[in-house]
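Visitor: What follows is a structure written as structure tokens; I'll ask about it next.
2 protein chains.
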Amino acid sequence: MATLLCNERGVKLTAARRQVLELLWESGCPTGAYELIETLQQRNARPVNPPTVYRALEFLITQGFVHKLESRNAYVVCIHPDRRHACIFFICADCGVSAELEDERVADLIDEDANDRLGFHVTGRVVEVQGTCRQCTPAEP
Amino acid sequence: MATLLCNERGVKLTAARRQVLELLWESGCPTGAYELIETLQQRNARPVNPPTVYRALEFLITQGFVHKLESRNAYVVCIHPDRRHACIFFICADCGVSAELEDERVADLIDEDANDRLGFHVTGRVVEVQGTCRQCTPAEP
DNA sequence: GCCGGTATTGTTATGTTATATCATTCGACC
DNA sequence: GGTCGAATGATATAACATAACAATACCGGC
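If you want it as structure tokens, here you go:
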């Protein structure tokens, strides 16, 4: 999947990059860079230094395969890397999982505010929601 | 203003806390914690250690006088600390200023998505917009 | 095949942001 | 004045991220 997209785009999904992406898939949760470093370390026997992972992350983010959760300093795979999108992250404070949702209406409102009220030129949006997911929220009585 | 609110609430705006708040007002921009430390240091002659400033920030955030911009690791005064509100930050990548805007509609959409699509219980929202402000955006031809 | 240029990775060091921990001081109240 | 809890001081260290330069891999043309 990511391999295909990379081929189309003429960029390379090298071993290091693929490994980081795989780790994030396996984890299923937002994961810190240093946790990735440690895991990679264990799998590779060779030392893995921070720049290795940060460079891979940078690449994966640029290509849209991974998002950074700013409020967590953590990284998570994107569920639809094939197209640009305006997404919202719902992050469970309890179990740590994050859900990614697309909602153009939110992006549109933000852009509307930016244009009409501020004359602000939007280049990117960070929308992260804290709370508890369905599993971690006790049912209403 | 902040003093009054603190009295009402039965909490104390101590010297350290007031100083940090003042610095943020004077700065007018999102400001990093270590920049605050340095400035405080200069004004106080005595050494100012990180926990001092981080504790003050924590207090000010809890009281709603200050917001943290997660995408910047910076802190900025709140423009209406007297009431709870759902706000959006527009952060200029060029000059660094941030504008705070209230828009219930965005919060409502987010909550709607959370409830209807995910069964997610929202406790907080981070909405930060990157881009360039009116002053820093070249006029359209 | 080989050469040369570009992209990628390795390595070391360091910068930046944030917190844990425990000792000390301050301030309100009895 | 003594006591208790809140706040601060001080030291150390954790957690997150990047700069800089050397070494290597990859890919085109020859």
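Taken in sequence, the protein lines are chains A and B.
Sequence positions in the first sequence follow the numbering used here and run 31 to 171.
Sequence positions in the second sequence follow the numbering used here and run 31 to 171.
Don't be surprised by glycine CBs; every beta carbon is placed ideally from N, CA and C.
These figures come from a predicted structure and were not determined experimentally.
Might you give, ordered along the chain, the residues of its own chain that have their beta carbon closer than 7 Å to the beta carbon of residue 165(B), omitting 5 neighbours on each side?
Guide: As a position in the second sequence, residue 165(B) is number 135, starting the count at 1. Cβ neighbours of residue 165(B) beyond the five flanking positions: 125.
Visitor: According to DSSP, is residue 53(A) helix, strand or coil?
Guide: For the purposes of this step, residue 53(A) is identified with residue 23 of the first sequence, where counting begins at 1. Residue 53(A): helix per DSSP, three-state reduction.
Visitor: In terms of residues, what are the limits of the alpha helix (DSSP H) holding residue 89(A)?
Guide: As a working note, residue 89(A) is residue 59 in the first sequence. Residues 80 to 92.
Visitor: Taking the alpha carbon of residue 118(B) as the point to measure from, which residue in 44(B), 129(B), 58(B) has its own alpha carbon closest?
Guide: Residue 118(B) sits at position 88 when you count from the first residue of the second sequence. Cα-wise, what sits closest to residue 118(B) is 129(B).
Visitor: Using the Cα positions of residue 88(A) and residue 137(B), report the straight-line distance between them to the nearest angstrom.
Guide: Looking up residue 88(A) in the first sequence gives position 58. Looking up residue 137(B) in the second sequence gives position 107. Cα-Cα distance, rounded: 30 Å.
Visitor: Between residue 35(A) and residue 107(A), which are expected to be in contact by the criterion C-beta below 8 Å, what is the C-beta distance as a whole number of angstroms?
Guide: One-based indexing of the first sequence puts residue 35(A) at position 5. One-based indexing of the first sequence puts residue 107(A) at position 77. Not quite, the Cβ-Cβ distance comes to about 13 Å (not below 8 Å), so this is no contact.
Visitor: I need the DSSP call for residue 69(A), collapsed to helix, strand or coil.
Guide: The residue labelled residue 69(A) in the question sits at position 39 within the first sequence. Helix, per DSSP.
Visitor: Under a Cβ-count criterion, where at least 16 other Cβ atoms within 10 Å of its own Cβ denotes burial, should residue 121(B) be classed as buried or exposed?
Guide: On the second sequence, position 91 is the one that residue 121(B) refers to. Flag for residue 121(B) reads buried.
Visitor: Could you give the DSSP three-state label for residue 121(B): helix, strand or coil?
Guide: Position 91 of the second sequence, counted from the start, is the residue given in the question as residue 121(B). Residue 121(B): strand per DSSP, three-state reduction.
Visitor: Which word fits residue 168(A), buried or exposed, when buried means at least 16 other C-beta atoms lie within 10 angstroms of its C-beta?
Guide: The sequence position of residue 168(A) within the first sequence is 138, counting from 1. Counting Cβ neighbours within 10 Å, residue 168(A) comes out exposed, since fewer than 16 surround it.
Visitor: Give me the residue from 160(A), 141(A), 157(A), 132(A) with the minimum Cα distance to residue 162(B).
Guide: As a position in the second sequence, residue 162(B) is number 132, starting the count at 1. Among 160(A), 141(A), 157(A), 132(A), the Cα nearest to that of residue 162(B) is on 141(A).
Visitor: Report back the beta-carbon spacing between residue 139(B) and residue 139(A) to the nearest angstrom; my notes put them in contact at under 8 Å.
Guide: As a first step, residue 139(B) must be located in the second sequence, where it is residue number 109. As a first step, residue 139(A) must be located in the first sequence, where it is residue number 109. Contact holds; Cβ gap of about 7 Å.
Visitor: How many Å lie between residue 104(A) and residue 98(A) at the Cα?
Guide: Stepping through the first sequence from its first residue, residue 104(A) is reached at position 74. Stepping through the first sequence from its first residue, residue 98(A) is reached at position 68. Straight-line Cα distance between these residues: approximately 6 Å.
Visitor: Return no unless some Cβ of chain B is closer than 9 Å to the Cβ of residue 59(A).
Guide: Stepping through the first sequence from its first residue, residue 59(A) is reached at position 29. Not one chain B Cβ lies under 9 Å of residue 59(A).
Visitor: Need the endpoints of the alpha helix (DSSP H) that residue 107(B) sits in, please.
Guide: As a first step, residue 107(B) must be located in the second sequence, where it is residue number 77. Element bounds for residue 107(B): not the alpha helix (DSSP H) but the beta strand (DSSP E), 104 to 107.
Visitor: Please confirm whether residue 126(B) has its beta-carbon closer than 9 Å to some beta-carbon of chain A.
Guide: Here the question's residue 126(B) lines up with position 96 in the second sequence. So, not an interface residue.
Visitor: If you measure beta-carbon to beta-carbon, which residues of the stretch 141 to 166 of chain B are closer than 7 Å to chain A?
Guide: Listed in sequence order: 143, 144, 147, 148, 149, 150, 151, 152, 153, 154, 155, 156, 157, 158, 159, 160, 161, 162, 163, 164.
Visitor: With a threshold of 9 Å between beta carbons, is residue 100(A) in contact with chain B?
Guide: Against the first sequence, residue 100(A) aligns to sequence position 70. Yes, its Cβ sits closer than 9 Å to a Cβ of chain B.
Visitor: In the DSSP assignment, find the alpha helix (DSSP H) that holds residue 34(A) and state where it starts and stops.
Guide: In the first sequence, counting from the first residue as 1, residue 34(A) sits at position 4. Element bounds for residue 34(A): 32 to 39.
Visitor: Determine, using beta-carbon pairs with one atom in the stretch 153 to 162 of chain A and one in the stretch 143 to 157 of chain B, whether at least three such pairs fall under 8 Å.
Guide: Yes, since at least three Cβ pairs between the stretch 153 to 162 of chain A and the stretch 143 to 157 of chain B fall closer than 8 Å, the two stretches touch.
Visitor: Looking at the strands, I want to know which residues DSSP matches up with residue 131(B).
Guide: Mapped onto the second sequence, residue 131(B) falls at position 101. DSSP, once it has assigned bridges, lists 118(B) as partnering residue 131(B).
Visitor: Confirm, please, whether the CB-CB distance from residue 81(B) to residue 32(B) is below 9 Å.
Guide: The residue given as residue 32(B) occupies position 2 in the second sequence. The residue given as residue 81(B) occupies position 51 in the second sequence. It is not a contact, given that the beta carbons lie outside the stated cut-off.
Visitor: Is the separation between the beta-carbon of residue 86(A) and that of residue 46(A) shorter than 9 Å?
Guide: Residue 86(A) sits at position 56 when you count from the first residue of the first sequence. Residue 46(A) sits at position 16 when you count from the first residue of the first sequence. Yes, the Cβ-Cβ distance between residue 86(A) and residue 46(A) is below 9 Å.
Visitor: Determine the chain A residues that contact residue 135(B) at a beta-carbon separation under 8 Å, and present them in chain order.
Guide: As a working mapping, residue 135(B) is identified with position 105 in the second sequence. Near residue 135(B) (Cβ distances below 8 Å), the residues of chain A are 139.
Visitor: Between which two residues does the beta strand (DSSP E) containing residue 42(A) stretch?
Guide: In the first sequence, residue 42(A) corresponds to position 12, counting from 1. Run containing residue 42(A): none; DSSP gives neither H nor E here.
Visitor: What is the DSSP secondary structure of residue 155(A), counted as helix, strand or coil?
Guide: One-based indexing of the first sequence puts residue 155(A) at position 125. Residue state, collapsed to three classes: strand.
Visitor: Determine which residues of the stretch 60 to 91 of chain B have a Cβ less than 9 Å from any Cβ of chain A, and write them out in chain order.
Guide: Those would be none; no residue qualifies.
Visitor: Output, in chain order, the set of chain A residues within a Cβ distance shorter than 7 Å of residue 120(B).
Guide: The residue given as residue 120(B) occupies position 90 in the second sequence. Neighbours of residue 120(B) on chain A, chain order: 144, 148, 150.
Visitor: So if DSSP puts residue 96(B) in a beta bridge, which residue, or which two residues, is it bridged to?
Guide: Residue 96(B) sits at position 66 when you count from the first residue of the second sequence. In DSSP, residue 96(B) forms a bridge with 107(B).
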